[in-house]
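By our numbering, the letter at position 97 of the sequence shown is numbered 234, and the numbering carries on one by one without gaps.
Cβ coordinates follow ideal geometry from the N, Cα and C atoms, glycine included.
All remarks here apply to the structure that follows.
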Amino acid sequence: MKSLKYQLLIPVILTFIFSCQAQTSSKTENSTYTYITPTRDGTGKVYLGREISQVMGFQGKDWLERASREREEGISIALKNLPITPESIVADIGAGSGYYTFRIAPKVPEGKVYAVEIQQEAINYLDAKSKELGLTNVSTVKGSELNPNLQKNSIDLVIMVDVYHELAYPKEMLASIRESLKPDGKILLLEYRGEDPSIPIKPLHKMTVNQVEKELNANGFKLIQNGKFLKIQHFLVFGKDN
């Protein structure tokens, strides 16, 4: 009877344990993010006062590759000012069509560029394009919403071009990115200027310097360069705040 009693208690105990784990997970989520009724182009998920935007799917590839992009954004100036050397290991998170990936690769001939994407369609496109261009120093990485799946202490520069504001889990992603960076590794964020209402980009797809700093500072990073040379974007370089 005693043995049977314990057997009957096991399911109850397991249910209690799993319930506690679920509640702990829920509390962690709720302590990091809050939720509102989604606004236009928003997810309704809020991080440090900012509503996270919806993600632009890979179907927007043609817009990323538009012929007017250089004139509108000054891509060549951004590339010229990248904090890299020929040996740098770079991770382009949210690489999309590889617009930046394939322009960075020739600048790191003795290094490497990891094109990180969560969309399989984008991964397939990037692999095919790398082969077509004959770039041997570009590799794709299938990331997730929580983790870019990069090796620890391996990256000199993480670059996110108009991507950070779309991260579903910015806190978790920044923690993973921080682990992947070398001690002197950096994060570069290019974001449309949220301070300027004249820039014809949807509000949730723009960010202010104050908001970017608020979020990065909260996750162990400090601003080391605020490049003000781009036409409509911020060029913000962060290092680890040790």
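It is roughly 12 Å from the alpha-carbon of Lys-279 to the alpha-carbon of Gly-233. A residue is called buried when at least 16 other Cβ atoms come within 10 angstroms of its Cβ; Leu-294 meets this threshold and is buried. In the structure shown, Gly-179 adopts extended strand secondary structure according to DSSP, grouped into three states. Residue burial annotation: Arg-330 is buried, with at least 16 other C-beta atoms found within 10 angstroms of its C-beta. Secondary structure at Met-310: helix, using DSSP grouped into helix, strand and coil.
Out of Phe-366, Asp-378 and Val-298, the CA that lies nearest to the CA of Gly-357 is found in Asp-378. Beta-bridge analysis with DSSP links Ser-276 to Tyr-251. Residue burial is scored here from C-beta neighbours: Asp-333 has fewer than 16 other C-beta atoms within 10 angstroms and is therefore classed as exposed. In this structure, the straight-line span from the alpha carbon of Leu-360 to that of Leu-318 is close to 15 Å.
Counting of Cβ neighbours within 10 angstroms places Ser-225 among the buried residues, the total reaching 16 or more. When Cβ pairs closer than 8 Å are counted between the two stretches, the stretch 239 to 251 is seen to touch the stretch 212 to 227, the count reaching three or more. Here the alpha carbons of Thr-171 and Ile-189 stand approximately 11 Å from one another. Here DSSP, grouped into helix, strand and coil, assigns Asn-354 to helix. Bounds of the alpha helix (DSSP H) holding Leu-216 are 212 to 217.
Just so you know, the alpha carbons of Asn-218 and Asn-363 end up roughly 11 Å apart. Under a 10 Å Cβ-count criterion, Gly-231 is classified as buried, with 16 or more other Cβ atoms of the shown protein chains found around its own Cβ.
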